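Trainee:
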Amino acid sequence: WVAGMLSQNSAIHDKNDVVRGVAAAVVKEYGANRLDATVAARTAKAYQLVYFRSQIKSLRKKLDEIPPDYKPERRKRFENMLAGYERRRAELKKLSSSLDIIDYLARYYTEDMAAEFDPAFFILFKQLSYRFFPNLCRSLRISEAEPGVVDEIKRVAKEHPVIFLPNHMSNADHVPICLALNAFGLPQPKIAAGANLFRGVSALALPRLNAYKIRREYVGEGGFFREIKWFQNPIYRRVHTEYLRWGWDHNEPLMFYPEGTRSRDGRMGKPKLGIMADIFAYARELEKTMYLVPVSLSYTIVPEDKEIEAGRTGKEISHRDLLSQLAHLDKQYKEYSRSEIDVRFSAPVELTAATKSRGKMAEDVMATVAKNIAITPTYRLAYALVKRKDEKGAEIFSAETIREEFAVVGP
Numbered sequence: 184w185v186a187g188m189l190s191q192n193s194a195i196h197d198k199n200d201v202v203r204g205v206a207a208a209v210v211k212e213y214g215a216n217r218l219d220a221t222v223a224a225r226t227a228k229a230y231q232l233v234y235f236r237s238q239i240k241s242l243r244k245k246l247d248e249i250p251p252d253y254k255p256e257r258r259k260r261f262e263n264m265l266a267g268y269e270r271r272r273a274e275l276k277k278l279s280s281s282l283d284i285i286d287y288l289a290r291y292y293t294e295d296m297a298a299e300f301d302p303a304f305f306i307l308f309k310q311l312s313y314r315f316f317p318n319l320c321r322s323l324r325i326s327e328a329e330p331g332v333v334d335e336i337k338r339v340a341k342e343h344p345v346i347f348l349p350n351h352m353s354n355a356d357h358v359p360i361c362l363a364l365n366a367f368g369l370p371q372p373k374i375a376a377g378a379n380l381f382r383g384v385s386a387l388a389l390p391r392l393n394a395y396k397i398r399r400e401y402v403g404e405g406g407f408f409r410e411i412k413w414f415q416n417p418i419y420r421r422v423h424t425e426y427l428r429w430g431w432d433h434n435e436p437l438m439f440y441p442e443g444t445r446s447r448d449g450r451m452g453k454p455k456l457g458i459m460a461d462i463f464a465y466a467r468e469l470e471k472t473m474y475l476v477p478v479s480l481s482y483t484i485v486p487e488d489k490e491i492e493a494g495r496t497g498k499e500i501s502h503r504d505l506l507s508q509l510a511h512l513d514k515q516y517k518e519y520s521r522s523e524i525d526v527r528f529s530a531p532v533e534l535t536a537a538t539k540s541r542g543k544m545a546e547d548v549m550a551t552v553a554k555n556i557a558i559t560p561t562y563r564l565a566y567a568l569v570k571r572k573d574e575k576g577a578e579i580f581s582a583e584t585i586r587e588e589f590a591v592v593g594p
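Every letter in the sequence shown is one number past the one before it in this note's numbering, and letter 164, counting from 1, is 347.
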C-alpha cells in the first residue's frame, strides 16, 4: 500500500481484473459477427494446438536427455511445464463452440501477455540497481530537449494516454529509460517486450516492472506452421489490441520501440506501424486525444556490442537474462572513466481523431528522436572513421589523421 502511494502511477490494476476485462472485450467484438468468430476460432485453435504439440515434444526431449540424478529441481520444473501444456491441449480440444474457444484463448493469451506492475518491487529493483550496478547508474545522464518538457509530459499524462517512443539499441534499454522516467517523477509505463527477454530471472522481474510479453516467434518448428507467426493468429492479435485499449481506457502510459527491433549497426530503422495502427484506431473511433513522447537514447558502449557482431554470423545473441545483461554492462562501464548513457525527452506530440497519416506522424516522431540523440565519444569516433575509411591512402587508426573530423561531430 505504501509503495503504491509512493508510485507515480495513478492507478495499479489487479491482473485478474485485466484478464477478465480484456477477454470480455474480445468475446464482445467477435460476438457481433458470428462468421468472423467461426473463422477466427477455427484458425486460432489450429495454430494453438500446433504450438502445444511443439512445446510438448520439446519438453519430452529435454526430459529424456536429463540424467535421472542431475538437478532434480530442473526435471521437476520441466515436468510441471509439460503437465501444464498437456492439460491446456486437452481442454482446448474439448471446445467446439466458436465463442467458447475465443473466450478460452483470450483468457490464456491475456494471462501470458499481461504485466503485473508491483510498485514495491520497482522501488526495490531501483535501489538494488544503484547498489549492485553503480557504474551503470553513475553513467546515466537524463535531460530535456528544451526547458519545460517534463512538466508538459506530467500535465498531459494526468488526463490523456501518453505513449513513450524511444529508439532501440539494446535489450537492456528499458532499464536506463525507466530509471530516467522515475528520476523525473514520471509514471512507469507499460512496456512492450519480446518474449525472448522473459528468461531466467527476467521472467519474474519484467512483469513486475510493468513489461508485458509480445510473442513474435513462429507457432511451430517445422512444415507449414514454421512460417506462421503469433500475430497471424487472429485471436492473439485481437487480444493484444484489446489489452492496449484496456490500458488506455484507464489512462495508463505505454512505451514501445517503433523500430520493432534493436539496431545492429547504430542506424535508426524505419518505424513499424503495427501498434501505431492501434493507437490511431483508438483515437479515431473513440475521439480521444493521446500524446506521443519522443525519447532519444545513446550509449558510449552498447551492452551487446560483441554479441551483435557475432550475430552477423548467424549466432543466437538473445541468451542473457536481465540481471546478466546489467552486470555485463556495469562491468564494461567500470573500465572507462568517461562513459555515459544519455536519455533525453522531447516535447509530447498531440494525436487526435483528426490526425491524418500514422506513417507520417511515426516518421516525424522518429526524426525528432534522431535529432535529439546525444552524441557520445564513440559516436564521434565512428563517424570520423567511416568518413576516412574510403579515402585513398588514409591512415584510419591514426589519431592525427582523424582529429579534425572527430572534433567537429556533434555539439
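Beta carbons are placed, not taken as given, at the ideal position from N, Cα and C, and that holds for glycine.
Since we're looking at a predicted model, the values are computed, not measured.
If contact is defined by three or more beta carbon pairs under 8 Å, each pair taking one atom from either stretch, is the region 323 to 330 in contact with the region 512 to 527?
Mentor: yes
Trainee: Looking only at its chain, what residues have a beta carbon closer than 8 Å to the beta carbon of G497, apart from the 5 residues adjacent to it on each side?
Mentor: As a working note, residue 497 is residue 314 in the sequence shown. Interpretation of G497 is limited by its pLDDT of 48, a score under 50 that renders its predicted location unreliable; the figure taken from the coordinates is listed afterwards. Contacts found: none.
Trainee: Can you find a heavy atom of the ligand SAH that lies under 7 Å from the Cβ of F347?
Mentor: Of ligands this structure carries none, so the ligand SAH is not represented either.
Trainee: What's the call for D200, buried or exposed, on a 16-neighbour Cβ count within 10 Å?
Mentor: Mapped onto the sequence shown, residue 200 falls at position 17. By the neighbour-count rule (16 or more Cβ atoms within 10 Å), D200 is not buried but exposed.
Trainee: Using the Cα positions of V382 and N263, report the straight-line distance between them to the nearest angstrom.
Mentor: As a working mapping, residue 382 is identified with position 199 in the sequence shown. As a working mapping, residue 263 is identified with position 80 in the sequence shown. It should be pointed out that residue 382 corresponds to Arg in this sequence rather than to Val. Using only the alpha carbons, I get a separation of about 17 Å.
Trainee: Within the chosen definition, does the region 295 to 303 reach the region 386 to 405 through at least 3 CB pairs nearer than 8 Å?
Mentor: yes
Trainee: Got a sec? Which residues, its chain only, sit under 8 Å from I239 by beta carbon, not counting five neighbours each side?
Mentor: What you label residue 239 is simply residue 56 of the sequence shown in a count that begins at 1. These residues qualify, in order along the chain: L265, Y268, E269, R272.
Trainee: What is the DSSP secondary structure of P417, counted as helix, strand or coil?
Mentor: On the sequence shown, residue 417 is found 234 positions in, with the first residue counted as 1. Secondary structure of P417 (DSSP, three-state): helix.
Trainee: Which residue's Cα is closest to the Cα of I131: Y440, T424, G331?
Mentor: In the structure displayed, the chain extends from 184 to 594; residue 131 sits before or after that span and is not available.
Trainee: How would you call L348, buried or exposed, if buried means at least 16 neighbouring beta carbons within 10 angstroms?
Mentor: For the purposes of this step, residue 348 is taken as the residue at position 165 of the sequence shown. Buried, by the Cβ-count rule.
Trainee: V333 and L369 - do their beta-carbons sit closer together than 8 Å?
Mentor: Sequence index remark: in the sequence shown, residue 369 carries index 186 (1-based). Sequence index remark: in the sequence shown, residue 333 carries index 150 (1-based). Contact flag set, yes.
Trainee: Helix, strand or coil for I500 per DSSP?
Mentor: Residue mapping note: residue 500 aligns to position 317 of the sequence shown, counting from 1. Note that I500 scores 47 on pLDDT, short of 50, meaning its location in the model is unreliable; the coordinates nonetheless yield the value given after this. In the displayed model, I500 falls within coil according to three-state DSSP, outside both helix and strand.
Trainee: Let's see if you can read the secondary structure: which residues bound the alpha helix (DSSP H) around Y516?
Mentor: Position 333 of the sequence shown holds residue 516. Run containing Y516: 505 to 517, per the alpha helix (DSSP H) assignment.
Trainee: Shortest alpha-carbon distance to A340 belongs to which of A194, E546, T551, I558?
Mentor: As a first step, residue 340 is located in the sequence shown; it is residue number 157 there, counting from the start. Comparing Cα-Cα distances from A340 to each of A194, E546, T551, I558, the minimum goes to A194.
Trainee: Which residue's Cα is closest to the Cα of M329: T551, C361, I558, P417?
Mentor: Here residue 329 refers to the residue found at position 146 of the sequence shown. Correcting the residue type first, residue 329 is Glu in the shown sequence and not Met. The residue with the shortest Cα to Cα distance from E329 is T551.
Trainee: Going by C-alpha to C-alpha distance, which of K277, M438, E274 sits closest to L475?
Mentor: In the sequence shown, residue 475 corresponds to position 292, counting from 1. Closest option to L475, Cα to Cα, is M438.
Trainee: Pairing CB atoms from the region 203 to 222 with CB atoms from the region 414 to 428, are three or more of them under 8 Å?
Mentor: Under the three-pair Cβ rule at 8 Å, the region 203 to 222 counts as touching the region 414 to 428.
Trainee: For the candidate residues P477, A557, A464, K453, whose alpha-carbon lies nearest to that of A143?
Mentor: One cannot answer for residue 143 here, as it falls past the ends of the chain, which runs 184 to 594.
Trainee: Alpha carbon to alpha carbon, how far is F528 from S479?
Mentor: Position 345 of the sequence shown, counted from the start, is the residue given in the question as residue 528. Position 296 of the sequence shown, counted from the start, is the residue given in the question as residue 479. Their Cα atoms are separated by approximately 7 Å.
Trainee: Distance, Cα to Cα, T221 vs G214?
Mentor: Here residue 221 refers to the residue found at position 38 when the sequence shown is read from its first residue. Here residue 214 refers to the residue found at position 31 when the sequence shown is read from its first residue. C-alpha separation (whole angstroms): 10 Å.
Trainee: Where does W184 fall in DSSP's three states?
Mentor: For this step, residue 184 is matched to residue 1 along the sequence shown. Its pLDDT being 41, under 50, W184 is placed unreliably by the model, and the measurement read from it follows with that caveat. Looking at W184 - three-state DSSP - the assignment turns out to be coil, as it is neither helix nor strand.
Trainee: How long is the line joining the alpha carbons of L246 and E256, rounded to whole angstroms?
Mentor: If you number the sequence shown from 1, residue 246 lands on position 63. If you number the sequence shown from 1, residue 256 lands on position 73. One C-alpha to the other measures close to 12 Å.
Trainee: Enumerate, from N- to C-terminal direction, the unbroken alpha helix (DSSP H) stretches of 4 or more residues contained entirely within the region 335 to 411.
Mentor: 357 to 366, 385 to 391
Trainee: What's the call for I360, buried or exposed, on a 16-neighbour Cβ count within 10 Å?
Mentor: Start at 1 with the first residue of the sequence shown, and residue 360 comes out as number 177. Buried is the call here.
Trainee: Measuring CA to CA, which of F414, R236, P454, N354 is closest to G403?
Mentor: In the sequence shown, residue 403 corresponds to position 220, counting from 1. The candidate whose alpha carbon is nearest that of G403 is R236.
Trainee: List the endpoints of the continuous beta strand (DSSP E) containing L323.
Mentor: Counting from one through the sequence shown, the residue named residue 323 turns up at place 140. 323 to 327 is the extent of the beta strand (DSSP E) around L323.
Trainee: Assuming N173 contacts R445 (C-beta within less than 8 Å), just tell me the rounded distance between them.
Mentor: It is not possible to answer for residue 173, since the shown part of the chain is limited to 184 through 594.
Trainee: Can you tell me the Cβ-Cβ gap for E435 and P344, rounded? I've got them flagged as a contact below 8 Å.
Mentor: Along the sequence shown, one-based indexing puts residue 435 at 252. Along the sequence shown, one-based indexing puts residue 344 at 161. Confirmed, Cβ separation roughly 7 Å.
Trainee: Within a Cβ cutoff of 6 Å, which residues of the same chain sit near F308, ignoring the five residues on either side of it in sequence?
Mentor: Here residue 308 corresponds to residue number 125 of the sequence shown, with the count starting at 1. Result list for F308: empty, nothing under 6 Å.
Trainee: Between the region 539 to 556 and the region 452 to 462, are three or more C-beta pairs nearer than 8 Å?
Mentor: yes
Trainee: The alpha helix (DSSP H) spanning S281 covers which residue range?
Mentor: By 1-based counting over the sequence shown, the position of residue 281 is 98. 281 to 296 is the extent of the alpha helix (DSSP H) around S281.
Trainee: Taking 8 Å as the cut-off, decide whether the C-beta atoms of L218 and L275 are in contact.
Mentor: Mapped onto the sequence shown, residue 218 falls at position 35. Mapped onto the sequence shown, residue 275 falls at position 92. Going by C-beta atoms, L218 is not nearer than 8 Å to L275.
Trainee: Skipping 5 residues on each side, what residues in its chain have a beta carbon closer than 8 Å to that of Y287?
Mentor: Here residue 287 corresponds to residue number 104 of the sequence shown, with the count starting at 1. E274, L275, L278.
Trainee: Tell me which residues share the same chain as R290 and place their Cβ nearer than 7 Å to its Cβ, disregarding the 5 neighbours each side in the sequence.
Mentor: Taking the first residue of the sequence shown as 1, we reach residue 290 at position 107. Counting only Cβ-Cβ distances below 7 Å, and skipping sequence neighbours, we find V202, A206.
Trainee: Helix, strand or coil: which one does DSSP assign to R541?
Mentor: In the sequence shown, the residue the question calls residue 541 occupies position 358. Three-state result, R541: helix.
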